[in-house]
Amino acid sequence: MSERILVVDDEVAIAEVLSMKLEQEGYRPVAATSAAEALAQLQQQTFDLVLSDVNMPGMDGITLLREIKQIDPHLLVILLTAISTSDYVIRALKAGAYDYITKPFRFQEVLVSIERALTHTRVVRENERYHKHLEELVDDRTEQIKVLFINTINSLVLALEAKDNYTEGHSRRVTYFAVLIAQQLGLAEEEIRQLELAAMLHDIGKIGISEHVLLKPGPLSREEYQHIAQHPVIGARILAPIDMLYPTLGPIRHHHERFDGRGHPDGLTGENIPLGARILMVADTYDAMTTTRPYRSARTHEEAIEELQHCSGTQFDPRIVEAFLKVWQVEPVPASPRRN
C-alpha cells in the first residue's frame, strides 16, 4: 500500500505540481494551501509524511510543525523554504523537522528526502510491530507459566491429601475462609492473591511428617507433637527454592504462632507475626474445629466461634477474629466449599 503524503504550500501551483509528481511516483498525495487546512486534514485522516512550505500567511511552516508534533510526535515533516540561513535551519531542526530543503529545488532532491524519511518511518513501525509481537509472546508465555504454576500447586495439595484423607479439602476451605477475612480487612488484591497461595500450601510440610504420627487416632505424645509441629518449617523449606512463592514463606512458616508468643516454631508475638500467618491461624483453626478428625468429632459452628472469641488476644489476633466474625454477620452461612 503506497504511503499518504500531505503537501502544504500556499502557492496552489507548487502544491499541485508536487502532488502530481508524487502521484506519478506511486504515492498518495493530499494538497493543502494553508496551515489551517493542513491541520484540518490531519484531524480527518492519517498520513505517513508531511511536506510543508515554511513561508505561508497566518501560521508559518515551523509553527505548523510544532502543531503537528502535538498531534503525532512520530509523524515526520520535511520543510521547504527559500530561507537558508544557518539560524533558520537550526530553528527548524530544533522544532522537529526531519529535513530542510531550500528553494529553488529539484524534484529529485525532494524525492530522495521523502524516500529516506519514509524508510525511517517503515523501520520504526516495523520495530514497533516486532516489539508488540514480542510482548504478546511474553504475555502468552507468562499466562502459560501461571497455569503451570497453579497446576503444580494443586498437584502438591493433592499429594498431601492422598497421604492424609482426613485433610481432604482442608486447604481449599482454609483458603476460602482466609480470603473472606482478607477482604473484610480491606487487603489489596495482590496481598489477597499471595494469601491464597499461602493458604493452599500452608500444610504442605506435612508431606515430611511420619504417617504414623499424622494418622494417629489418639492423642500425640510430647515427642510426636514436637515432630508434627515442624511441618510449617518443613513446608517453608520445601517451597523456598521457588522464587514466585517467596511472599508465602512467612505466612506458611508462622501460621502456628500464637498472638501471646506461646506458638511455634519461633515464638513470635503480636504484630511480629506476619499478617498472613495471623489470618491463616484463625481460618485454619476454625476449619480444624468444624471438621471430624481421627481423634475427635467436629464441633458445631457456634462452638467454634465461641472458642475463637474465648482465645482472642491469646492464641489469635483480636483484629482477625473480629473480621472473621463480621464475615458471618454479613452472611450467616457463607457458601463454604466444604464437601463432607
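By numbering that gives the first Met the number 0, the letter at position 182 of the sequence shown is numbered 181, and the numbering carries on one by one without gaps. All C-beta atoms in this analysis are idealised placements derived from N, C-alpha and C, irrespective of residue type, glycine included.
Quiz prompt | Same chain only: Cβ atoms within 6 Å of Thr313, ignoring 5 sequence neighbours per side | solution = Counting only Cβ-Cβ distances below 6 Å, and skipping sequence neighbours, we find Asp259.
Quiz item: Quick one: Cα of Ile152 to Cα of Glu160, how far?
Solution: One C-alpha to the other measures close to 12 Å.
Practice problem: Please check the pair Val281 and Val320, which I expect to be a contact at CB under 8 Å, by giving their CB distance rounded to whole angstroms. | Solution: That pair is a contact at about 6 Å.
Quiz item: Alpha carbon to alpha carbon, how far is Arg172 from Lys68?
Solution: It is roughly 57 Å from the alpha-carbon of Arg172 to the alpha-carbon of Lys68.
Quiz item: At what residues does the beta strand (DSSP E) containing Asp52 begin and finish?
Solution: It spans 48–52 - the beta strand (DSSP E) in which Asp52 sits, taken as one unbroken run.
Practice problem: Return the chain-ordered list of same chain residues with a C-beta closer than 6 Å to the C-beta of Leu194, the five sequence neighbours on each side being excluded. | Solution: Result list for Leu194: Ala177, Ala181, Gly275, in chain order.
Quiz item: So, are the CB atoms of Val76 and Val49 less than 8 Å apart?
Solution: Yes. Within cutoff.
Quiz prompt | Runs of alpha helix (DSSP H) wholly within the segment 192–234 (minimum 4 residues, chain order) | solution = List check, alpha helix (DSSP H) in window: 210–213, 221–227.
Quiz item: Nearest chain D C-beta to Ile241 closer than 8 Å, yes or no?
Solution: Checking the listed chains, one finds no chain D in this structure; it contains a single protein chain.
Quiz item: Between the beta-carbon of Leu279 and the beta-carbon of Ala197, is there less than 8 Å?
Solution: Closer than 8 Å, so yes.
Quiz item: Helix, strand or coil: how does DSSP classify Asp98 here?
Solution: In the structure shown, the three-state DSSP call for Asp98 is strand.
Self-check item: Supposed contact pair Ile13 and Pro28 - C-beta distance, whole angstroms, cut 8 Å
Solution: Your pair Pro28 and Ile13 does not check out as a contact, with CB atoms roughly 12 Å apart and the cut at 8 Å.
Quiz item: Measuring CB to CB, does Ala31 end up less than 8 Å from Gln40?
Solution: The answer is yes: Cβ separation under 8 Å.
Quiz prompt | Distance between Leu136 and Met55 (C-alpha atoms, nearest Å) | solution = For Met55 and Leu136, the distance between alpha carbons rounds to 48 Å.
Quiz item: Unbroken alpha helix (DSSP H) runs of length 4 or more, entirely within the segment 10–84: which are they?
Solution: Runs found: 11–23, 34–43, 60–70.
Quiz item: Looking at the structure shown, is Phe176 part of a helix, part of a strand, or coil, going by DSSP?
Solution: Looking at Phe176 - three-state DSSP - the assignment turns out to be helix.
Exercise. Given a cut-off of 8 Å, decide if Ile100 and Ser112 are closer than it, judged by their beta-carbon atoms.
Key: Yes; because the gap between Cβ atoms is below 8 Å, this pair is in contact.
Practice problem: Buried or exposed for Ser18, please, with buried defined as at least 16 other CB atoms from any protein chain shown within 10 angstroms of its CB. | Solution: Buried is the label assigned to Ser18, since at least 16 other Cβ atoms lie within 10 Å of its Cβ.
Quiz item: I think Leu248 touches Ala235, with their Cβ atoms under 8 Å apart; what is that distance to the nearest whole Å?
Solution: Sure, about 5 Å apart at Cβ, within 8 Å.
Quiz item: Run through DSSP, which three-state label would Phe148 get?
Solution: Per DSSP, reduced to three states, the secondary structure at Phe148 is helical.
Quiz item: The beta strand (DSSP E) with Ile4 in it runs from where to where?
Solution: It spans 3–7 - the beta strand (DSSP E) in which Ile4 sits, taken as one unbroken run.
Exercise. Could you work out which residue in Pro218, Ser220, Arg257, Pro264 is closest to His344 when comparing CA atoms only?
Key: This structure does not reach residue 344, given that the chain is present from 0 up to 339, and the question cannot be answered.
Quiz item: According to the Cβ coordinates, are Phe46 and Leu74 closer than 8 Å?
Solution: Yes.
Quiz prompt | Whole-angstrom distance between Arg277 and Leu324, CA atom to CA atom | solution = The alpha-carbon atoms of Leu324 and Arg277 are separated by roughly 15 Å.
Quiz item: According to DSSP, which residues form a beta bridge with Ser364?
Solution: The requested residue 364 does not occur in the structure, where the chain is confined to residues 0 to 339.
Quiz item: Can the beta-carbon of Ser154 be found closer than 8 Å to that of Asp202?
Solution: No, they are not a contact pair.
Quiz prompt | Cross-strand partners of Arg140 (DSSP beta bridge) | solution = Residue pairing of Arg140 in beta bridges, as defined by DSSP: absent, with no partner found.
Quiz item: If you draw a straight line from the C-alpha of Glu302 to the C-alpha of Asp286, how long is it?
Solution: If you draw a straight line from the Cα of Glu302 to the Cα of Asp286, it is about 12 Å long.
Quiz item: Under the rule that 16 or more other beta-carbon atoms within 10 Å means buried, what is Met243, buried or exposed?
Solution: So Met243 counts as exposed.
Quiz item: When you compare each of Pro218, Ala91, Ser1 to Thr118 by their alpha carbons, which one comes out closest?
Solution: If we check each option's Cα against that of Thr118, Ser1 comes out closest.
Quiz prompt | Buried versus exposed call for Leu213 [16 or more other C-beta atoms within 10 Å across all chains shown] | solution = Buried is the call here.
Practice problem: Please state whether DSSP places Arg124 in a helix, a strand or coil. | Solution: Of the three classes helix, strand and coil, the one that applies to Arg124 here is helix, per DSSP.
Quiz item: Which ranges would you report for the alpha helix (DSSP H) in the segment 224–300 if only whole runs of at least 4 residues count?
Solution: Counting whole runs of 4 or more residues, the segment 224–300 contains the alpha helix (DSSP H) stretches 230–238, 248–252, 274–288.
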